[in-house]
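**Q**
Numbering (UniProt numbering), first residue to last: 1 to 443.
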């Protein structure tokens, strides 16, 4: 089990300013804007990374927040949340772990990924905060079975990476020797690139997020909400004394939003001891990607991600529309996955499984047509326009998009509530943040 680091609420007062991440986000124990009794109230359904990160932004913007979830992050031998079992490696979309956003949706998710990267960099810049969040900046190295400049999708991605000047960027076959990989694996490696990227110990980060939002005033309640939220929106708003709802239910949005485009993509990762005893310690994240297919998508054949200083994740699998979580380290699917990783780095044949938690598995919240972050356009049973903002379908990019998509939810809520909630942080045309002092919007 990952070490659970303490929330930095014990910082001396003079160090609280160091926890300010951006104009609208602080890792300090108190919200940036203190809400009044008249401040708007938001109900968030879902206790994963999308729900908790959205709560963080809302609390710092002066909202009252209640989070309802049927389950929370856990740290025993039983199942963990999908947000916990994720590889939690930041990657610029399109990535190779499941269907990618392409076409008109791609610029949107790339923007959110870069906004998230900016936050992660700020967290990592504060060593104590980075440790508390479980975040390290590492090298992310992508090996490819085709030449990048001959693959339109990948060539565009490389040009975008160069345009954004990602730190530590390098491209070329010299990376094969740098990391001692087997270039004959997976039909032959012919190209590669790398750059610096956040890698998150999601167990630590989820624990951090839960304690942080509670310290800022969020109320957490354990409950299960069945069926389409729209059909019970009025009763939920009344029950939780809320002005709006955020649906961050992940794969369960298939029911909660009556969205048949949502489906589970079962994933699994082996956890091996990465202390340098059985094989040279792996310090950087690595993937092997196939060539882009006719549908404009590619996928990762092998994934290696250092979870923390002692655990290396080996992945991954992509089981379409599989709800069951019955994988084991000895099943054929997982054995094949391990062999693909060993083909890239043969020294991994000596790797020992983590005896306490050898295999993580979960249901990635996939959605045909890409992630959904928008206001529900339907009317309630009473004929009123819905007051629910959806935030789900992040697929394998939940951590990569977390802060960018959460910030978009805040914008949508500001619009929904006419930006009139007392104490709400707003941004004017010049990008300067201020504080609203109006009355709560009448809905």
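Where a beta carbon is used, it is the ideal one built from N, C-alpha and C, also for glycine.
1. According to DSSP, what are the bridge partners of residue 389?
2. Would residue 395 pass as a contact of residue 265 if the rule is Cβ separation under 8 Å?
3. My assumption, with CB atoms under 8 Å, is that residue 269 sits in contact with residue 83. Please give the rounded CB distance.
4. What is the DSSP secondary structure of residue 334, reduced to helix, strand or coil?
5. Compute the Euclidean distance between the alpha carbons of residue 78 and residue 324, then round it to the nearest angstrom.
6. Excluding the 5 residues flanking residue 162 on each side, which residues of the same chain have their C-beta closer than 8 Å to its C-beta?
7. Between which two residues does the alpha helix (DSSP H) harbouring residue 365 extend?
8. Can you check which of these residues, 374, 255, 192, is closest to residue 140 by C-alpha distance?
9. For residue 303, which residues does DSSP report across the bridge?
10. Residues in the same chain with beta-carbon distance under 7 Å from residue 322, minus the five sequence neighbours each way, listed in chain order, please.
11. If the criterion is Cβ atoms closer than 8 Å, does the pair residue 38 and residue 197 meet it?
12. Is there contact between the segment 270-289 and the segment 375-390, where contact requires at least three CB pairs shorter than 8 Å?
13. Answer yes or no: do residue 387 and residue 255 have a C-beta to C-beta separation smaller than 8 Å?
14. Determine the DSSP secondary structure at residue 194, reduced to helix, strand or coil.
15. Is it buried or exposed, residue 421, if we count other Cβ atoms within 10 angstroms and call 16 or more buried?
16. Assuming residue 223 and residue 68 form a contact by the criterion Cβ under 8 Å, report the distance between their Cβ atoms to the nearest whole angstrom.
17. What distance in whole Å lies between the Cβ atoms of residue 370 and residue 65, which are believed to be in contact at a cut-off of 8 Å?
18. Using the Cα positions of residue 187 and residue 44, report the straight-line distance between them to the nearest angstrom.
19. Rank 81, 361, 404 by C-alpha distance to the C-alpha of residue 271 and give the top, closest one.
20. Just tell me which of 331, 381, 366 has its CA closest to the CA of residue 398.
21. Give the C-beta separation of residue 391 and residue 213 to the nearest angstrom, bearing in mind that I take them to be a contact with Cβ-Cβ under 8 Å.
22. How many Å lie between residue 22 and residue 57 at the Cα?
23. So is residue 25 buried or exposed if we call it buried at 16+ other beta carbons inside 10 Å?
24. Give, in chain order, every unbroken run of the beta strand (DSSP E) that is at least 3 residues long and sits entirely within the segment 154-224.
25. Measure the C-alpha to C-alpha separation of residue 51 and residue 356 and round it to an integer number of angstroms.
26. Start and end of the alpha helix (DSSP H) containing residue 238?
27. Which of the three DSSP states is assigned to residue 123 in this structure?
28. For residue 219, which of 199, 203, 242, 202 has the nearest alpha-carbon?
29. Just to confirm the assignment: which complete alpha helix (DSSP H) runs, minimum length 4, are found wholly within the segment 42-72?
30. Hey, quick one: how far does the beta strand (DSSP E) through residue 268 stretch, first residue to last?
31. In the structure shown, what three-state DSSP assignment does residue 34 receive?
32. Just the C-alpha distance for residue 179 and residue 111, rounded to the nearest angstrom, thanks.
33. Could you give the C-beta distance for residue 274 and residue 314, rounded to a whole number, given that I count them as a contact under 8 Å?
34. Does DSSP put residue 422 in a helix, a strand or coil?
35. In whole angstroms, what is the alpha-carbon distance linking residue 195 and residue 253?
36. So, for residue 417: in the same chain, excluding its five sequence neighbours on each side, which residues have a beta-carbon less than 7 Å away from its beta-carbon?
**A** Put simply:
1. Walking along the chain shown from the start, residue 389 turns up at place 389. Per DSSP, 246, 375.
2. Indexing the chain shown from 1 puts residue 395 at position 395. Indexing the chain shown from 1 puts residue 265 at position 265. Against a cut-off of 8 Å, the Cβ pair of residue 265 and residue 395 comes out as a contact.
3. If you number the chain shown from 1, residue 269 lands on position 269. If you number the chain shown from 1, residue 83 lands on position 83. Going by Cβ atoms, the distance from residue 269 to residue 83 rounds to 14 Å, so no, they are not a contact pair.
4. On the chain shown, residue 334 is found 334 positions in, with the first residue counted as 1. Helix at residue 334.
5. The residue given as residue 78 occupies position 78 in the chain shown. The residue given as residue 324 occupies position 324 in the chain shown. Rounded to the nearest angstrom, the two C-alpha atoms are 14 Å apart.
6. Numbered from 1 along the chain shown, position 162 holds the residue referred to as residue 162. Result list for residue 162: 169, in chain order.
7. Stepping through the chain shown from its first residue, residue 365 is reached at position 365. Where residue 365 is concerned, there is no enclosing alpha helix (DSSP H), although the beta strand (DSSP E) it sits in stretches over 359-367.
8. Here residue 140 corresponds to residue number 140 of the chain shown, with the count starting at 1. Measuring from the Cα of residue 140, the nearest candidate turns out to be 192.
9. On the chain shown, residue 303 is found 303 positions in, with the first residue counted as 1. In the DSSP output, where bridge partners are listed per residue, residue 303 has 287, 315.
10. Along the chain shown, one-based indexing puts residue 322 at 322. Correct list, in chain order: 264, 266.
11. As a first step, residue 38 must be located in the chain shown, where it is residue number 38. As a first step, residue 197 must be located in the chain shown, where it is residue number 197. At the C-beta level, residue 38 and residue 197 stay beyond 8 Å of one another.
12. Judged by Cβ distances under 8 Å, the segment 270-289 makes no contact with the segment 375-390, as fewer than three pairs qualify.
13. Here residue 387 corresponds to residue number 387 of the chain shown, with the count starting at 1. Here residue 255 corresponds to residue number 255 of the chain shown, with the count starting at 1. Result no, Cβ atoms of residue 387 and residue 255 do not sit closer than 8 Å.
14. Locating residue 194 in the chain shown gives position 194, counting from the first residue. Three-state result, residue 194: strand.
15. Taking the first residue of the chain shown as 1, we reach residue 421 at position 421. Because residue 421 carries a pLDDT of 37, less than 50, the predicted location of this residue cannot be relied on, and no value is offered for it.
16. Within the chain shown, numbered from 1, the residue matching residue 223 stands at position 223. Within the chain shown, numbered from 1, the residue matching residue 68 stands at position 68. The Cβ separation is near 5 Å, so the contact holds.
17. Taking the first residue of the chain shown as position 1, residue 65 is located at position 65. Taking the first residue of the chain shown as position 1, residue 370 is located at position 370. Actually they are not in contact, since the Cβ atoms of residue 65 and residue 370 sit about 26 Å apart, beyond 8 Å.
18. Residue numbering aside, residue 187 sits at position 187 when the chain shown is read from its first letter. Residue numbering aside, residue 44 sits at position 44 when the chain shown is read from its first letter. Each residue's CA atom was taken as its position, placing residue 187 and residue 44 some 46 Å apart.
19. For the purposes of this step, residue 271 is taken as the residue at position 271 of the chain shown. If we check each option's Cα against that of residue 271, 361 comes out closest.
20. As a working note, residue 398 is residue 398 in the chain shown. Residue 398 has its Cα closest to that of 366, out of 331, 381, 366.
21. For the purposes of this step, residue 391 is identified with residue 391 of the chain shown, where counting begins at 1. For the purposes of this step, residue 213 is identified with residue 213 of the chain shown, where counting begins at 1. Beta-carbon to beta-carbon, residue 391 and residue 213 are separated by about 15 Å, too far to satisfy the 8 Å threshold.
22. Translated into the one-based positions of the chain shown, residue 22 becomes position 22. Translated into the one-based positions of the chain shown, residue 57 becomes position 57. The alpha-carbon atoms of residue 22 and residue 57 are separated by roughly 11 Å.
23. Within the chain shown, numbered from 1, the residue matching residue 25 stands at position 25. Result: buried.
24. Counting only runs of 3+ residues, the beta strand (DSSP E) found wholly inside the segment 154-224 occupies 191-200, 219-222, in chain order.
25. Taking the chain shown and counting its residues from 1, the one referred to as residue 51 is at position 51. Taking the chain shown and counting its residues from 1, the one referred to as residue 356 is at position 356. Answer to the nearest angstrom: the Cα atoms are 28 Å apart.
26. Counting from one through the chain shown, the residue named residue 238 turns up at place 238. Residue 238 -> alpha helix (DSSP H) spans 233-239.
27. What you label residue 123 is simply residue 123 of the chain shown in a count that begins at 1. Correct three-state label for residue 123: helix.
28. To locate residue 219, count along the chain shown from 1; it is residue 219. Here the closest residue by C-alpha is 242.
29. 49-60
30. Mapped onto the chain shown, residue 268 falls at position 268. Residues 262-273.
31. As a first step, residue 34 is located in the chain shown; it is residue number 34 there, counting from the start. Looking at residue 34 - three-state DSSP - the assignment turns out to be coil, as it is neither helix nor strand.
32. For the purposes of this step, residue 179 is identified with residue 179 of the chain shown, where counting begins at 1. For the purposes of this step, residue 111 is identified with residue 111 of the chain shown, where counting begins at 1. Taking the straight line from one Cα to the other gives about 31 Å.
33. Your numbering for residue 274 matches position 274 in the chain shown. Your numbering for residue 314 matches position 314 in the chain shown. No, residue 274 and residue 314 are not in contact; Cβ-Cβ is about 10 Å, not under 8 Å.
34. On the chain shown, position 422 is the one that residue 422 refers to. Residue confidence for residue 422 is low, a pLDDT of 37 falling below 50, so the modelled location carries little weight; the figure read from the coordinates is stated next. Under the three-state reduction of DSSP, residue 422 is assigned to coil, being neither helix nor strand.
35. Taking the chain shown and counting its residues from 1, one reaches residue 195 at position 195. Taking the chain shown and counting its residues from 1, one reaches residue 253 at position 253. Going by the C-alpha atoms only, they are around 34 Å apart.
36. As a first step, residue 417 must be located in the chain shown, where it is residue number 417. Same-chain partners within the cutoff: 40, 243, 244, 441.
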